[in-house]
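Okay, structure first, notes after.
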Amino acid sequence: MKRGVKETGIIQGEEEELIYCVTTTPWGSNPFNVVVKAYDETDGLTDVTATVLDGAATISGDVITTPVVKDLTEDQTYRIEIKFTSGANIYETYFYIVGER
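Positions in the sequence shown are counted from 1; adding 1 to them yields my numbering.
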């Protein structure tokens, strides 16, 4: 099973503030214990969660909605990781966002 989501390499403007939804059905249903983190991959794997994520993740059925993603930097690549529990299993999926002017 693939860990990355199909829709990756998303372009987001520096001044945009967007949320993203991930359906967990390929991994498991009824997710809980959700943790979302953001990493800047341009200069290594720097944790920028406190800088680029605002708010908390929410869950509705099998869909996890991320906190608001904001304050991205042009030409920086961000890895958004979503860790969640389904049944007795813990999964982690991810996608990439590229900051654009």
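Every residue gets a Cβ at the ideal spot worked out from N, C-alpha and C, and that includes glycine.
Computed from a prediction, not measured in an experiment: that's the story for all the values here.
Query                                                                                               : Result
Straight-line Cα distance separating Pro32 from Thr25                                               : 7 Å
Secondary structure of Ala51, DSSP reduced to three states                                          : helix
Beta-carbon gap between Val37 and Thr86 smaller than 7 Å                                            : no
Contacting residues, own chain, Cβ-Cβ under 6 Å from Gly10 (five flanking each side not counted)    : Tyr97
Member of Asp55, Trp28, Val69 and Glu17 whose CA lies at the smallest distance from the CA of Asp63 : Trp28
Residue from Ile91, Ala39 and Gly45 with nearest C-alpha to Gly56                                   : Ala39
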